[in-house]
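Structure first, commentary second.
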Amino acid sequence: MSSFLIKMDFKGRDIISIRDFSKKEIDFILDYANKMLIYAKGEKFEPVLRGKVLSSLFFEPSTRTRLSFETAMNRLGGRVIGFADPSGTSQKKGESLADTIRMADSYSDVIVIRHHQEGAARLAAEFADVPVINAGDGAGHHPTQCLLDLFTIRAEKKGIKNKNIVLVGDLKYGRTVHSLAHALALYGAQLTFVSPATLKMPTEVINDCKELGVEPLQTSSLDKAVKEADVLYVTRIQKERFPDPEEYNRVVGSYKINIELLKEAKKDIKIMHPLPRVTEIDPEVDKTPHAIYFKQAFNGVPVRMALLNLVLGGKL
Amino acid sequence: MKKELKIPLIKDGSVIDHITAGNAVKVLHILGIPKGTSAVVSVAMNVNSKMGKKDIVKVENRELDPQEVDKIALIAPKATINIIRDYKVAKKHKVELPDEVIGLLSCSNPTCISNAREPVKSRFKVVCKDPPKIKCYYCEREPEDIADRII
Numbered sequence: 341m342s343s344f345l346i347k348m349d350f351k352g353r354d355i356i357s358i359r360d361f362s363k364k365e366i367d368f369i370l371d372y373a374n375k376m377l378i379y380a381k382g383e384k385f386e387p388v389l390r391g392k393v394l395s396s397l398f399f400e401p402s403t404r405t406r407l408s409f410e411t412a413m414n415r416l417g418g419r420v421i422g423f424a425d426p427s428g429t430s431q432k433k434g435e436s437l438a439d440t441i442r443m444a445d446s447y448s449d450v451i452v453i454r455h456h457q458e459g460a461a462r463l464a465a466e467f468a469d470v471p472v473i474n475a476g477d478g479a480g481h482h483p484t485q486c487l488l489d490l491f492t493i494r495a496e497k498k499g500i501k502n503k504n505i506v507l508v509g510d511l512k513y514g515r516t517v518h519s520l521a522h523a524l525a526l527y528g529a530q531l532t533f534v535s536p537a538t539l540k541m542p543t544e545v546i547n548d549c550k551e552l553g554v555e556p557l558q559t560s561s562l563d564k565a566v567k568e569a570d571v572l573y574v575t576r577i578q579k580e581r582f583p584d585p586e587e588y589n590r591v592v593g594s595y596k597i598n599i600e601l602l603k604e605a606k607k608d609i610k611i612m613h614p615l616p617r618v619t620e621i622d623p624e625v626d627k628t629p630h631a632i633y634f635k636q637a638f639n640g641v642p643v644r645m646a647l648l649n650l651v652l653g654g655k656l
Numbered sequence: 258m259k260k261e262l263k264i265p266l267i268k269d270g271s272v273i274d275h276i277t278a279g280n281a282v283k284v285l286h287i288l289g290i291p292k293g294t295s296a297v298v299s300v301a302m303n304v305n306s307k308m309g310k311k312d313i314v315k316v317e318n319r320e321l322d323p324q325e326v327d328k329i330a331l332i333a334p335k336a337t338i339n340i341i342r343d344y345k346v347a348k349k350h351k352v353e354l355p356d357e358v359i360g361l362l363s364c365s366n367p368t369c370i371s372n373a374r375e376p377v378k379s380r381f382k383v384v385c386k387d388p389p390k391i392k393c394y395y396c397e398r399e400p401e402d403i404a405d406r407i408i
């Protein structure tokens, strides 16, 4: 596997936005993540990051992203320091993010940051010498989620090009769908965006897709869109992103994925969700072969292992 | 009939011409004028010209640095600067936006980290020079009204 790694050098590189990566680079990361699968499952152990320390700075709540980063680092033999709640840190005393980053930079070899403000990871990268990985910056980017989504689609549907991928839910505030739409367009997928009128995909994302040669369909009708879908990517309508609670109340519960809806779908349709879900997917769907959201969440481990290994120059 | 000048000729100094009508005051603000200068500054607004209405600014006894003036292309992309020596145009320069604008505007996104109490200046990438379009380096938001964002 070592010769495979040498082809592209990611050592020391920040992972802030999926837009910072070419398709070739994304392919490389996904291929590398595929090689990580046996290590991610714990079937094989190579402590290639022994002696390396990851700073896990989560200024916003997270379950999957934080735990899968910690798992990824542990599976590679590295150690993790950090916090999952900033209330116990000097941020509460008014310390700037820049100063917190300076500290983490001096204590560790890589920084993973989730923050409620857009651009926080980009700012962190300015103040850190060690590589910074963005684990979500407000309504901004979440590149590792995007990579694991691509990894999942590629694995489950044997490719991305020309696949009909339907993104449904909050397409306005949802940070994952903006990056994902860009990346899917980069791969030449057919895109359909389903949302209530007030939560439509922003124009700049639509234009971005068009510039990449993909003309997305936009609709508010999930029933129609689901019939042609190869992948249904469902998102939660996130209360915390709404500046106006009234707006939230008007749209929450707009779409619900259940067995009834899926009767109209292709037999091999796959349902994805970045999780957490609330009411948008009926738990009955979990038992069907269509539900791949838990597998998708697991895929965060090999993908993040690949990234940590690459930015830290691991020899696996 | 002799054409009447709206503002008199200057002997030495700088003339910023073809400023988008109504933006002269903002241009002065970007250039930090009159702060830090005791020069005589004349402003003419909504002056008729072949290309419609425009604003003009004349600064006496001060030669503005063209690089400095380039920043005004954010709100006046068609502006020109003439350096005047002894009533004659010694140098002429058409403003051109630099690739990046630092510390001049605030991001329109209230939750952008550049609007937080952090030791950084605002930073915008210029994505289109004419008409000017900029994108925040941090949050990647494009402000709709650039003039509104000038600090």
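For the record, the sequence lines run as chains A and B. Heads up, the first sequence is in the working numbering, so the first residue is 341 and it goes up one at a time. Heads up, the second sequence is in the working numbering, so the first residue is 258 and it goes up one at a time. Ideal placement from N, C-alpha and C gives every residue a C-beta, glycine not left out.
Per DSSP, the bridge partner or partners of residue i
i	result
B:L269	Strictly speaking, residue 269 of chain B in this sequence is Asp, with Leu absent from that position. Paired residue(s): none; B:D269 is not in a bridge.
B:C393	B:F381
B:D274	B:T337
A:M612	A:Y573
B:N305	B:K310
A:V641	The partner list for A:V641 (beta bridge, DSSP) is empty, contrary to what the question assumes.
A:C549	Answer is none; A:C549 lacks a bridge partner.
A:H481	Answer by DSSP bridge pairing: none, since A:H481 is not bridged.
A:T559	A:V534
A:A631	A:I611
B:S299	B:K315
B:K349	B:N339
Where residue i sits in the DSSP three-state scheme
i	result
A:S343	Its pLDDT being 42, under 50, A:S343 is placed unreliably by the model, and the measurement read from it follows with that caveat. Helix.
A:A475	strand
A:V554	coil
A:D626	helix
A:F350	coil
A:Q530	strand
A:C486	helix
A:L656	coil
A:G422	strand
A:N502	coil
A:L394	strand
B:I332	coil
A:I451	strand
A:H456	coil
A:A605	coil
A:V508	strand
A:I378	helix
B:R218	Not covered by the structure: residue 218 of chain B. The range shown for chain B is 258 to 408.
Proximal residues of chain A, C-beta to C-beta of residue i below 7 Å
i	result
B:N366	E458
Chain-ordered neighbours of residue i on chain A, where CB pairs are closer than 9 Å
i	result
B:V272	Under the 9 Å cutoff, chain A gives no residues; its nearest Cβ is about 38 Å from B:V272.
Chain A residues whose Cβ lies nearer than 8 Å to that of residue i
i	result
B:S371	G459 and L463
Listed by chain order, chain B residues near residue i by CB distance under 8 Å
i	result
A:L437	I370, A373 and E375
A:G480	C396 and E397
Could you name the residues of the stretch 379-390 of chain B whose beta carbon sits closer than 9 Å to any beta carbon of chain A, in the order they occur along the chain?
none
Taking 8 Å as the cut-off, does the stretch 354-364 of chain B touch the stretch 324-336 of chain B (at least 3 CB pairs, one atom from each stretch)?
yes
Cβ contact check for the stretch 274-281 of chain B and the stretch 513-523 of chain A: 3 or more pairs under 8 Å:
no
Is the stretch 467-482 of chain A close to the stretch 535-544 of chain A, with three or more CB pairs under 8 Å?
no
At least three beta-carbon pairs within less than 8 Å, the stretch 388-397 of chain A to the stretch 413-426 of chain A
yes
The stretch 289-299 of chain B contacting the stretch 367-374 of chain B, beta-carbon criterion three pairs below 8 Å:
no
For the 8 Å Cβ check, are there 3 or more pairs between the stretch 448-467 of chain A and the stretch 600-609 of chain A?
no
Touching by the beta-carbon criterion (3+ pairs, under 8 Å), the stretch 509-517 of chain A and the stretch 558-576 of chain A
yes
At a cut of 8 Å, does the stretch 295-311 of chain B reach the stretch 264-275 of chain B through at least three beta carbon pairs?
yes
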